[in-house]
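Novice:
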Amino acid sequence: MMGKWEAKLKQIEERASCYERKPLSSVYRPRLSKPEDPSSVWKLFHRQNQAFNFVKSCKENVHVFALECKVGDGQRIYLVTTYAQLWFYYKSRKHLLHCYEVIPENAVCKLYFDLEFNKHANPEADGKKMVVLLIEHVCKALQELYSVSCSAEDVFNLDSSTDEKFSRHLIFQLHDVAFKDNIHVGNFVRKILQPALHLISSEYDNRIPNPVGHEFSHFPETPLKQEISFNQTSPDKDIAKSWTLNSEIPERLESAEQSSPDLSFLVVKSNTGEEHLFVDLGVYTRNRNFRLYKSSKIGKCVALEVAEDNKFFPKQSKNISEENQYFLSSLVSNIRFSDSLRILTCDTSQNKRKRTEHVNSTSSSVETIEGFQCSPYPEIDRFVLSLVTKNDTKGDIAGVKTLEELTRVIISCFPLPAEVSLLFLFKEEEFTADETWNSEAKNPGASSDTDWDNSTDDVYFLQATEDAELAEAAENSLLSYTSAVNEIPDELIIEVLQE
DNA sequence: CAGCGCTACCACACCCC
DNA sequence: GGTGTGGTAGCG
12 MMGKWEAKLK QIEERASCYE RKPLSSVYRP RLSKPEDPSS VWKLFHRQNQ AFNFVKSCKE
72 NVHVFALECK VGDGQRIYLV TTYAQLWFYY KSRKHLLHCY EVIPENAVCK LYFDLEFNKH
132 ANPEADGKKM VVLLIEHVCK ALQELYSVSC SAEDVFNLDS STDEKFSRHL IFQLHDVAFK
192 DNIHVGNFVR KILQPALHLI SSEYDNRIPN PVGHEFSHFP ETPLKQEISF NQTSPDKDIA
252 KSWTLNSEIP ERLESAEQSS PDLSFLVVKS NTGEEHLFVD LGVYTRNRNF RLYKSSKIGK
312 CVALEVAEDN KFFPKQSKNI SEENQYFLSS LVSNIRFSDS LRILTCDTSQ NKRKRTEHVN
372 STSSSVETIE GFQCSPYPEI DRFVLSLVTK NDTKGDIAGV KTLEELTRVI ISCFPLPAEV
432 SLLFLFKEEE FTADETWNSE AKNPGASSDT DWDNSTDDVY FLQATEDAEL AEAAENSLLS
492 YTSAVNEIPD ELIIEVLQE
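My numbering puts the first sequence at residues 12 to 510.
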């Protein structure tokens with residue numbers, strides 16, 4: 012037993028020293044032409060984690076890309092560099108074929124679709140028409156669920172079809188709007204395609220009648236119960252609008268004249284004759300690799316190119332070539348930040364605590380702020396509102412603008428019930444208020460056996476324990492809070508961890 | 001001897017009628 | 001037969 016373990020350990024150590032002796036060479040050592048250009052960052056990693064760790068330690072605005080290795084299997088190495096530098100070496104298309112964007116988990120990103128069907132298995136399918144209908148449906152959903160306006164001209168349409176397959180990427184260029192992350196995009200997509208998914212599942216058992224009528228509002232919540240909300244970063248107005256809207260809220264969707272949209276055009280047959288959706292729902296996972304504009308899969312020589320029926324045209328710029336603009340537009344996690352950036356969310360209720368029981372128990376105390384539902388905790392609502400409302404009487408904490416102010420205020424002011432421990436974990440180099448942490452954060456309820464080594468990966472955590480409802484309330488409050496305060500780093504994500 | 005993150009699927013256990 | 005659970009091949 013012990014001998015086996017020691018042998019394993021020795022093996023691992025030998026392997027580690029081997030890697031140290033022969034580190035991965037950076038095959039491309041780029042230098043940008045002008046000395047005033049930003050310093051060169053170009054680093055390759057065998058492991059995705061190492062790449063992301065390097066990104067965290069890196070001052071430049073760098074991103075992780077996956078490069079397919081020469082071996083035919085899916086093996087990849089990970090490149091960290093800036094968009095500008097990647098494009099510099101990428102644009103010639105002599106090197107760096109088979110590149111993928113890694114859409115980082117927890118990173119704000121665009122709405123995107125991976126579309127494909129086998130042409131032989133679907134001889135009657137008109138791919139272009141299906142794309143048009145899909146875009147129509149998606150735009151309608153964005154309008155109805157988030158009041159976001161868009162049209163086909165906002166959709167970058169990339170083609171990598173072959174004789175065998177119709178294959179497209181759609182990237183939505185929404186003005187000052189993005190999704191909280193990849194997972195939320197997936198929740199949204201599954202939600203708005205629910206009627207189509209029903210068409211497929213009902214195929215297996217025709218004896219179960221299709222639910223009709225009110226069950227099929229335009230974007231039904233069953234069986235995949237989901238919640239939708241949007242946050243607005245504008246500090247001055249509509250703070251309360253960031254509260255979660257659950258599916259019951261948009262009454263207009265439940266009006267009788269609304270019937271299920273006909274999404275039968277999305278149903279296609281696979282090689283084996285099974286019915287699937289035109290939309291690939293498997294791409295909305297953590298750290299998803301998404302093939303870059305003008306890249307091909309390693310086996311094939313078909314790259315993603317602007318589709319002939321594409322209607323999106325990026326803004327012209329003096330410094331940036333048109334091709335570079337197209338490239339930048341195609342990057343799912345390349346979000347143009349602005350003060351008015353709205354972050355869309357779409358949760359599944361599996362991730363959230365069941366609302367029904369506590370809503371029922373506290374319904375009398377649930378009030379409405381500017382027409383939207385509050386959190387179930389009026390005292391927390393009031394606290395958060397007092398922090399973000401500039402004309403509040405509490406002059407000492409009103410109008411906080413920076414992360415550090417936010418930090419101090421929350422640590423010193425957050426009202427903690429005695430039975431709950433609440434910890435803020437910060438990346439060391441960005442947390443300058445150590446003394447504040449040491450003196451203020453130790454509250455009577457804080458657990459002393461907190462394992463600090465757990466704070467490995469993510470940058471900011473709010474950790475609440477023992478009380479799931481308070482944890483969610485705190486999360487909602489802080490989400491509202493951060494979306495209402497200017498100058499919070501855009502990558503700031505606050506999550507509630509429950510023990 | 002260096003990828004990653006799933007989900008669909010299977011096998012099995014357990015319960016109940 | 002219904003339901004939960006654990007492990008894995010294979011997909012994207």
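Every residue gets a Cβ at the ideal spot worked out from N, C-alpha and C, and that includes glycine.
These figures come from a predicted structure and were not determined experimentally.
With contact counted as at least three CB pairs below 8 Å, one residue from each stretch, are the stretch 174-193 and the stretch 156-164 in contact?
Specialist: At 8 Å Cβ cutoff, the stretches touch.
Novice: When DSSP builds the beta bridges, which residues end up paired with Asp137?
Specialist: Bridge partners of Asp137: none, in fact.
Novice: Go through its chain and collect everything with a Cβ distance to Ser281's Cβ below 6 Å, but skip five positions before and after it.
Specialist: Only His287 meet the Cβ criterion.
Novice: In this structure, what does DSSP give as the bridge partners for Leu78?
Specialist: Answer by DSSP bridge pairing, in chain order: Ile88 and Cys110.
Novice: Which residues bound the beta strand (DSSP E) around Lys182?
Specialist: The identity of residue 182 in the sequence shown is Ile, whereas the question assumes Lys. Here the beta strand (DSSP E) through Ile182 covers Lys176 to Phe183.
Novice: Within 10 angstroms of the Cβ of Cys312, are there 16 or more other Cβ atoms? Answer buried if so, exposed if not.
Specialist: Flag for Cys312 reads exposed.
Novice: When DSSP labels each residue in this structure, what does His287 get in the three-state scheme?
Specialist: DSSP places His287 in strand when its eight states are reduced to three.
Novice: Measure how close the beta-carbons of Ile114 and Phe338 come, nearest whole angstrom, since I'm counting them as under 8 Å.
Specialist: Incorrect: roughly 16 Å between the Cβ atoms, too far for contact.
Novice: Taking the runs of the beta strand (DSSP E) that are 3 residues or longer, which of them lie wholly in the stretch 45-72?
Specialist: Runs of the beta strand (DSSP E) inside the stretch 45-72: 53-56.
Novice: Taking the continuous alpha helix (DSSP H) assigned at Phe99, which residues delimit it?
Specialist: Run containing Phe99: Tyr94 to Tyr101, per the alpha helix (DSSP H) assignment.
Novice: Would you mind sorting Glu147 into buried or exposed? The rule is 16 or more other CB atoms within 10 Å of its CB.
Specialist: Glu147 should be labelled exposed.
Novice: For Asp165, does the count of other Cβ atoms within 10 angstroms reach 16, so buried, or fall short, so exposed?
Specialist: By the 10 Å Cβ count, Asp165 comes out buried.
Novice: For the stretch 314-362, which segments carrying the beta strand (DSSP E) assignment without a break, of at least 3 residues, lie completely within its bounds, in sequence order?
Specialist: For the stretch 314-362, whole beta strand (DSSP E) runs of length 3 or above, ordered along the chain, are 353-359.
Novice: Assuming Asn198 is part of the alpha helix (DSSP H), what are its boundary residues?
Specialist: Looking at the DSSP string, the run of the alpha helix (DSSP H) that includes Asn198 is Asn193 to Ile203.
Novice: Are Leu181 and Phe124 close, meaning C-beta to C-beta below 7 Å?
Specialist: Closer than 7 Å, so yes.
Novice: What first and last residue would you give for the beta strand (DSSP E) that runs through Leu126?
Specialist: Looking at the DSSP string, the run of the beta strand (DSSP E) that includes Leu126 is Tyr123 to Asn129.
Novice: Between Val82 and Ala62, which are expected to be in contact by the criterion C-beta below 8 Å, what is the C-beta distance as a whole number of angstroms?
Specialist: Val82 to Ala62, Cβ: 19 Å. No contact.
Novice: Under 8 Å: do the stretch 322-342 and the stretch 130-141 share three or more Cβ pairs, one atom per stretch?
Specialist: Result no; under three Cβ-Cβ pairs closer than 8 Å.
Novice: For Lys54, which residues in the same chain have their Cβ closer than 8 Å to its Cβ, ignoring the five residues on either side in sequence?
Specialist: Result list for Lys54: Ser37, Ala62, Phe65, Leu90, Val91 and Thr92, in chain order.
Novice: Taking the continuous beta strand (DSSP E) assigned at Arg299, which residues delimit it?
Specialist: Counting along the chain, the beta strand (DSSP E) containing Arg299 begins and ends at Arg299 to Arg302.
Novice: Could you say if the stretch 135-151 and the stretch 100-114 meet the contact criterion of at least three C-beta pairs nearer than 8 Å?
Specialist: Flag = no, the stretch 135-151 and the stretch 100-114 do not touch.
Novice: Mind checking which residues open and close the beta strand (DSSP E) that includes Ala189?
Specialist: Here the beta strand (DSSP E) through Ala189 covers Val188 to Phe190.
Novice: How many Å lie between Ser275 and Leu145 at the Cα?
Specialist: Each residue's alpha carbon lies about 11 Å from the other.
Novice: Could you tell me whether the Cβ atoms of Ser171 and Leu315 are closer together than 7 Å?
Specialist: Cβ distance < 7 Å, so Ser171 and Leu315 count as in contact.
Novice: Identify the residues that DSSP records as bridge partners of Leu292: which are they?
Specialist: None; Leu292 has no bridge partner.
Novice: From what residue to what residue does the beta strand (DSSP E) around Lys280 run?
Specialist: Counting along the chain, the beta strand (DSSP E) containing Lys280 begins and ends at Val278 to Lys280.
Novice: Taking the alpha carbon of Leu169 as the reference point, which residue from Asn321, Glu79 and Glu135 has its own alpha carbon closest?
Specialist: That would be Asn321, whose Cα lies nearest to the Cα of Leu169.
Novice: Is Leu144 helix, strand or coil when you go by DSSP?
Specialist: In this structure, Leu144 counts as helix in the three-state DSSP scheme.
Novice: What does the Cβ neighbour count give for Thr255, buried or exposed, with the cut at 16 atoms within 10 Å?
Specialist: Bear in mind that the predicted position of Thr255 carries a pLDDT of just 35, short of 50, making it too unreliable to give a figure here.
Novice: Which value, in whole angstroms, describes the spacing of the CA atoms of Arg201 and Leu292?
Specialist: So the alpha carbons of these two residues sit roughly 7 Å apart.
Novice: Taking DSSP as the reference, what is the three-state secondary structure of Asp462?
Specialist: The predicted model places Asp462 with a pLDDT of 31, which falls under 50 and marks its position as unreliable, so this point remains unresolved.
Novice: Could you give the DSSP three-state label for Asp165: helix, strand or coil?
Specialist: Asp165 falls in the helix class under three-state DSSP.
Novice: By Cβ distance below 6 Å, which residues in the same chain neighbour Gln336 in space, the five residues on each side in sequence not counted?
Specialist: Excluding positions up to five away in sequence, the list reads Pro325.
Novice: List the residues that DSSP assigns as beta-bridge partners of Cys120.
Specialist: According to DSSP, Cys120 bridges with Phe190.
Novice: Let me check understanding here. Comparing Cα to Cα, which of Ala77, Pro272, His57 and Val52 lies closest to Lys308?
Specialist: It is Ala77 whose Cα lies nearest to the Cα of Lys308.
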